[in-house]
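Heads up: the structure comes next, in structure tokens.
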Amino acid sequence: MRSDEVGLNCGITIPVIGLGTYSSENDRDTTEKAIRLALKMGYRHFDTARIYGSEPAVGNALRMAIEDQIIPREDVFLTSKLWSADHHDPVSALKHTLRKLGMEYVDMYLVHWPLKLKPWACDAVPKEEDFEKQLDMETTWEGMQRCLDMELCRCIGVSNFSSKKIENLLDFASVPPAVNQVEMHPMWRQRRLRESCSKNGIHVSAYSPLGGPGNAWGSTAVVQNPLIKSIALKHKATPAQVALKWGLSRGASVIVKSFDPDRLRENMASLDLKLDEEDLIEIGKLEERKIMRGDFLVNDTTSPYKSLEDLWDYEI
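Residue numbers (the UniProt record's numbering): 1 to 316.
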């Protein structure tokens, strides 16, 4: 196994740095150019989802690289996600995703959120009336397992699942999730969740590993934190590299999201940074700050998810 990969419980490996492809602009040419550049820099893990709208661009860029023999398909790790309006039929949803990607399979298929939306819900920020009151996760997971049996994907997993929701899933899952993709960074360290996933052999993959600066829900609190900046200065690195290396040092993979060439290089270079044990201890003392709160889900008392604990069971 290469040093920039980790093994999963499904028997395959996942590159520890992935490129996220969500963009509010969702410009196809920009996305394709970024993926081609990222491939040249050594990125091998690409993360998309139906709701991102980036599946056609991601698929086209990767197919062109494969057809031009820049990279073989087996060296690419491609993740997509089951949207919350598609819980009733994961097989059809994944087949639709594969048509958009122009691929025969994805390497990882994740349940995007532990909630169910009505069939017409297609906005990244759903309206209150779009929510269903109950999610039959057992039926959803049966569909995810069928995707695996049909070889539409190589592994299945979840996203935004708390320890409690993981334990509930494991009560009936014939195939355990290989990955739980959650927001995680030095100011939201997900300690209990990481411990729970580790106990059950589930790999944690971190999105918004820099705190999501530039996103509506994000903040610069991580990269502007004085301690993170001082550690970066000590190692002649950048705050972003320190934050990413912290996540990698906790055994997680990290999903970065920048199409800027300099940032792409900077993020990949975090693999070479070595943090001292003292650095990790000091980061562990930082005040927790849950930057990505999902408050749009709980904006009135009639919501079926009227407390954050009902949705994610937020954990530190």
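The C-beta atom is built at its ideal place from N, Cα and C for all residues, glycine as well.
{"query": "Cβ-based burial, F172 [other Cβ within 10 Å; buried from 16]", "result": "exposed"}
{"query": "N225 beta carbon less than 8 Å from that of I202", "result": "no"}
{"query": "Boundaries of the alpha helix (DSSP H) in which M64 is found, first to last residue", "result": "E55 to E67"}
{"query": "Alpha-carbon to alpha-carbon, E282 and L101", "result": "43 Å"}
{"query": "Proximity of P126 and L135 at Cβ, strictly below 8 Å", "result": "no"}
{"query": "Contact check, T48 vs T13, beta carbons under 8 Å", "result": "no"}
{"query": "Residue nearest to H185 in terms of C-alpha spacing, selected from L210, V204, L170 and K164", "result": "L210"}
{"query": "A243 and V256 closer than 8 Å at C-beta", "result": "no"}
{"query": "Opening and closing residue of the beta strand (DSSP E) in which S253 lies", "result": "S253 to V256"}
{"query": "Start-end ranges of the beta strand (DSSP E) lying completely within the stretch 169–221, minimum 3 residues", "result": "179–183 and 203–207"}
{"query": "Beta-ladder partner(s) of F161, from DSSP", "result": "The partner list for F161 (beta bridge, DSSP) is empty, contrary to what the question assumes."}
{"query": "For E104, the three-state DSSP class (helix, strand or coil)", "result": "coil"}
{"query": "D89 in three-state terms, based on DSSP", "result": "coil"}
{"query": "Coarse secondary structure for K81, derived from DSSP in three states", "result": "strand"}
{"query": "Residue of N200, I228 and E67 minimising C-alpha distance to C10", "result": "N200"}
{"query": "Which of helix, strand or coil DSSP assigns to I17", "result": "strand"}
{"query": "N267 and S258 closer than 8 Å at C-beta", "result": "yes"}
{"query": "Coil, strand or helix - G7 by DSSP", "result": "strand"}
{"query": "Given 8 Å, three or more beta-carbon pairs between the stretch 39–57 and the stretch 67–87", "result": "yes"}
{"query": "Collapsed DSSP secondary structure at C122 in the structure displayed", "result": "coil"}
{"query": "Cβ-Cβ distance between V175 and L148 below 8 Å", "result": "yes"}
{"query": "Test item: CB-CB of I17 and L271 under 8 Å", "result": "yes"}
{"query": "According to DSSP, residues forming a beta bridge with D47", "result": "G20 and T79"}
{"query": "Span of the alpha helix (DSSP H) around A34", "result": "R28 to M41"}
{"query": "Secondary structure of L94, DSSP reduced to three states", "result": "helix"}
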